[in-house]
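Visitor:
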Amino acid sequence: MSMPSEQQMRAAIAARDSALDGQFYYGVVTTGVFCQPSCSSRAARPENLRFFRTIEAAMLAGFRPCKRCQSIERLSQVERLVKVARYIEQHADERLTLTDLAGQALLSPSRLQRVFKQAFGVSPKAYQDAIRMQHFKQSLKAGDDVTDAIYASGFGSLSRVYGEPGRNIGMTPKVYRAGGAGETISYACRNTALGLMVMAATDKGVCFVQFGDDEEVLVSQLAQEFPNAGLSPSDAQQSPELDAWMAALDQHISQGAPRPELPLDIRGTAFQVRVWQFLLSVREGEVLSYSELAEGIDKPKAVRAVASACGKNRIGVLIPCHRVLRSDGSLGGYRWGLERKRALLDAERGRNT
Ligand SMILES: [Zn+2]
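Per this note's numbering, residue 192 is the first one in the sequence shown, and the count goes up by one each step.
1. Do L385 and R531 have their C-beta atoms closer together than 7 angstroms?
2. At a cut-off of 6 angstroms, is R526 close to ligand 2 when judged by its beta-carbon and the heavy atoms of the ligand?
3. Any beta carbon of chain C sitting closer than 7 angstroms to that of A439?
4. Specify, as a first and last residue, the run of the alpha helix (DSSP H) that Y217 falls within.
5. Cβ of A379 within 7 angstroms of Cβ of L433?
6. Cβ of R259 versus every heavy atom of ligand 1: is any distance shorter than 6 angstroms?
7. Mind checking L297: buried by the 16 CB within 10 Å criterion, or exposed?
8. Looking at the unbroken alpha helix (DSSP H) that takes in V494, where does it start and where does it end?
9. Below 8 angstroms CB to CB, which residues in the same chain sit around R149 once its five sequence neighbours on both sides are set aside?
10. Can you tell me whether S568 sits near ligand 1, meaning its C-beta is under 6 angstroms from at least one heavy atom of the ligand?
11. Cβ of R505 within 7 angstroms of Cβ of E416?
12. Are the Cβ atoms of S423 and S377 separated by less than 7 angstroms?
13. Give the range of the alpha helix (DSSP H) segment to which G528 is assigned.
14. At a cut of 8 angstroms, does the region 265-274 reach the region 231-239 through at least three beta carbon pairs?
15. With 16 other CB atoms within 10 Å as the buried threshold, where does P491 fall?
16. Which same chain residues end up closer than 7 angstroms to T393 when comparing Cβ atoms and leaving out the 5 residues on each side of it in sequence?
17. Label L529 either buried or exposed according to how many other C-beta atoms from any shown protein chain fall within 10 Å of its C-beta, with 16 as the threshold for buried.
18. Might you give, ordered along the chain, the residues of its own chain that have their beta carbon closer than 6 angstroms to the beta carbon of L409, omitting 5 neighbours on each side?
19. So the candidates are Y217, L240 and P237; which of them puts its Cα closest to the Cα of I246?
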């Protein structure tokens, strides 16, 4: 379930409309308290509002529940669950049993399993694995060798890491650290309404879409992003799939066809991947600010880091970083130039009004 648009949320709060209760919560930065849309408390200044889809997200972001509009019984359980989640974050490299965690939450193990999953979308074990995976990738990036990184992040064995589904890391750890060593990446160029486009793909999907004026420059950027991969220029005969993907994206850009659902090979730090995956959920015709994006991934203070992750997006248009604006509504930056950002947004607005 996605959140209502910011406009709808602001309108519901202004009208104290109970129809959207449960669909989102809003925090007030000056008081540190969060409320339901229908709450009768005094109106806050619009610039001080922050929006959250769930109570849990609001609390993880550090807001306290409003006593006026939220039931205390429900909240005390949420508070306990947030404590369990924090405990897992702080002890991710240790062996944590469901029984121990359940004891902290004053729940039975099976009940903890169920309500934790309801609250956060994953089991306590999967949450711990995700935190470990994050630590693991950070220590790989920091230059630890694979074995040290595995033990430092608490995985205990190689098979646990390699056994993680590809969605977590996309490549085996060695390949991740080695900048694509041993891989072959096919690429091709084409003219679009946004200028020259280079698209490149691994056998998992599109890993690179960039725009520019000069083919050589674009290909050298590709080589910089994947310094150790083998790059193979591919014409339509050699790589019919890539050719079809290029054509589909070009039709989207140049003729307003729907954005194609192409397989993506998304690579980056855990934080960047989170930002980019969130962007995939932003629908055409919608825009959001860098701070809303930071809130969307439950890192409300990481606005600069979020903006920098947007700037490092390697897969232009398909990961729609062009839909992120400054909070004053100005365009902000764009890796491929503001003219292109404006053209993309104008086209999307045109198709959605
Ligand atoms: Zn309230």
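The beta carbon of each residue, even a glycine, is placed where N, CA and C say it ideally should be.
Guide: In brief:
1. yes
2. This structure lacks ligand 2; its bound ligands are ligand 1.
3. Judged by its chain identifiers, the structure shown contains no chain C, having just a single protein chain.
4. Premise fails: Y217 lies in the beta strand (DSSP E), Y216 to V219, not in any alpha helix (DSSP H).
5. yes
6. yes
7. exposed
8. In the DSSP assignment, V494 falls within the alpha helix (DSSP H) that extends over V494 to G502.
9. No answer is possible for residue 149: the residues shown for the chain start at 192 and end at 544.
10. Only positions 192 to 544 of the chain appear in the structure, and residue 568 is not among them; the question remains open.
11. yes
12. yes
13. Counting along the chain, G528 falls outside any alpha helix (DSSP H), and DSSP gives it neither H nor E.
14. Contact between the region 265-274 and the region 231-239 is absent, because fewer than three Cβ pairs lie under 8 angstroms.
15. buried
16. E374, I376 and D456
17. Burial call: exposed.
18. V389, Q401 and G403
19. Y217
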